[in-house]
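Each remark here refers to the structure printed beneath this line.
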Amino acid sequence: MSRPEDILPPDLFYNDSESRKYTTSSRIQRIQSDMTHRALSLLDLHSPSLILDVGCGSGLSGEILSNTADDGTPGGPHVWIGFDISSSMLGVALEKEVEGDLFLADAGQGVPFRPGTFDAAISISAIQWLCNAETSEDSPLGRLSRFFGGLYASLRRGGRAVCQFYPKNDEQKKMVSQAAIKAGFGAGLLEDDEGTKNAKTYLVLTVGGGDLDGDITGVVRGMDGVDVMARPGVARGAKRGQEAKGSKGWILKKKEQMERKGKVVKASSKYTGRKRRVQF
204 MSRPEDILPP DLFYNDSESR KYTTSSRIQR IQSDMTHRAL SLLDLHSPSL
254 ILDVGCGSGL SGEILSNTAD DGTPGGPHVW IGFDISSSML GVALEKEVEG
304 DLFLADAGQG VPFRPGTFDA AISISAIQWL CNAETSEDSP LGRLSRFFGG
354 LYASLRRGGR AVCQFYPKND EQKKMVSQAA IKAGFGAGLL EDDEGTKNAK
404 TYLVLTVGGG DLDGDITGVV RGMDGVDVMA RPGVARGAKR GQEAKGSKGW
454 ILKKKEQMER KGKVVKASSK YTGRKRRVQF
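In structure tokens:
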């Protein structure tokens with residue numbers, strides 16, 4: 204059976220008729236609702252937050268973000284902003300008068316928001332489309348790199364993102380997760396109903412800083428089937444027990460060495476080694 208992303212680009216595949224069919228299908232509504240609630244549980248937000256919905260489509264996930272959870276889970280309702288490459292999908296969302304702000308944009312060209320704008324982000328059934336390139340000047344790796352680089356910048360320090368997607372194979376799964384890691388995320392893969400036709404893959408991402416310090420192990424601790432892809436606190440190539448260059452521990456050791464040599468160094472504080480946010 205052909206996958207939609209192998210037939211046409213998303214802005215062409217989701218035309219007016221396909222967008223309406225997708226939105227009105229009770230089966231798709233149920234699946235989308237289940238996956239959005241799963242993503243929210245992984246985000247573990249304890250107060251109303253500003254959330255980016257990547258590939259928001261006709262606003263099926265956004266309607267859930269706008270409401271308080273039925274099970275009483277703390278957090279919502281949330282404020283959300285969504286963008287999608289399909290003008291037809293966004294047109295349906297506008298007709299439904301969803302509560303989020305909507306933008307027409309291609310995730311493969313980046314995330315068009317200022318650094319540190321969002322508390323969290325979700326993406327449901329969208330990023331597998333980035334694994335295809337429509338021109339010889341573009342490439343899947345380039346599109347994934349621009350997306351994850353922009354997403355990383357748009358999230359505040361300590362923020363999280365959960366991207367549910369349908370990888371074609373293990374190679375594609377690895378390509379997506381490695382692109383996220385290269386952008387700076389702490390990344391982990393979680394698969395529900397593994398080995399069945401209903402399998403769903405979630406890429407859980409964290410941004411360094413805050414209580415998380417860039418490590419997703421606390422986010423998914425105790426869950427079965429979790430594959431932790433990266434712990435950014437440990438630099439690539441660093442030996443076990445060796446501080447990563449530029450980390451707080453590395454800086455403190457360098458200061459000690461300089462003090463032993465009789466040199467004057469600045470006093471350390473809680474801000475020592477903390478990365479600065481990009482400023483305009």
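For the sequence shown, the working numbering assigns the number 204 to the initial residue and increments by one for each residue that follows.
Glycine included, every Cβ here is placed at the ideal spot set by N, Cα and C.
All values reported here derive from a predicted model rather than from experimental measurement.
Are residue i and residue j touching if we call contact CB-CB under 8 Å?
i: Q331; j: E462; result: no
i: L219; j: S328; result: Correcting the residue identity first, residue 219 is Asp in this sequence and not Leu. No, Cβ-Cβ distance for D219 and S328 is not below 8 Å.
i: Q375; j: R349; result: no
i: P280; j: P251; result: yes
i: P370; j: T399; result: no
i: Y355; j: A386; result: yes
i: R363; j: L246; result: yes
i: S450; j: G476; result: yes
What three-state label does DSSP hand residue i in the structure shown?
i: E374; result: helix
i: K464; result: coil
i: L268; result: helix
i: D416; result: Summary for D416: the model assigns pLDDT 45, below 50, so the residue's position carries little reliability; its value from the coordinates is reported in the next sentence. The answer is coil: DSSP assigns D416 none of H, G, I, E or B.
i: F316; result: coil
i: A364; result: strand
i: L392; result: strand
i: Y369; result: coil
i: D247; result: coil
i: S357; result: helix
i: I327; result: strand
i: G452; result: helix
i: I288; result: coil
i: V295; result: helix
i: I210; result: coil
i: K403; result: strand
i: V282; result: strand
i: V257; result: strand
i: D304; result: strand
i: T239; result: helix
i: D322; result: strand
i: T226; result: helix
Between residue i and residue j, which are expected to be in contact by the criterion C-beta below 8 Å, what is the C-beta distance as a whole number of angstroms?
i: A324; j: L255; result: 4 Å
i: G260; j: I284; result: Not really, about 14 Å apart at Cβ, beyond 8 Å.
i: S269; j: F321; result: Their Cβ separation, rounded to whole angstroms, is 16 Å, which puts S269 and F321 out of contact at 8 Å.
i: G389; j: L408; result: 7 Å
i: P315; j: A308; result: 6 Å
i: V295; j: R223; result: 6 Å
Under 7 Å Cβ to Cβ from residue i, same chain only, skipping five residues before and after it: list those, please.
i: D414; result: For D414, the predicted model reports a pLDDT of 46, less than 50, meaning its position is unreliable; a value from the coordinates is still stated below. So the qualifying residues of the chain are G361.
i: A336; result: S342, P343 and R346
i: I210; result: F216
i: S471; result: L455 and K458
i: L333; result: A310, G311, P343, R346, L347 and F350
i: D373; result: none
i: G465; result: none
i: V468; result: K458, M461 and E462
What residues in its chain sit with their C-beta under 6 Å from that of residue i, if we drop five residues either side in the sequence?
i: M238; result: I327 and Q367
i: D416; result: Note that D416 scores 45 on pLDDT, short of 50, meaning its location in the model is unreliable and no value can be drawn from it.
i: V282; result: L253
i: D395; result: K403
i: Q232; result: none
i: D287; result: G258, C259, G260 and L293
i: G353; result: G313 and V314
i: T226; result: S261 and V295
i: F306; result: F286
In chain order, what residues of the same chain lie with their CB nearer than 8 Å to the CB of residue i, ignoring the 5 residues before and after it?
i: G265; result: D256, C259, W283, G285, A296, V301, E302 and G303
i: G440; result: Reliability of the predicted coordinates at G440 is poor, the pLDDT of 46 falling under 50, and the value obtained from them is presented with this limitation in mind. So the list is empty, once near-sequence residues are dropped.
i: L235; result: In the sequence as presented, Leu is not what sits at residue 235; that position holds Gln. Excluding positions up to five away in sequence, the list reads L263, S264, I327 and S328.
Report yes if the C-beta of residue i is less than 7 Å from at least one heavy atom of the ligand COA; otherwise report no.
i: G361; result: In terms of ligand content, the structure shown is empty, and the ligand COA therefore cannot be addressed.
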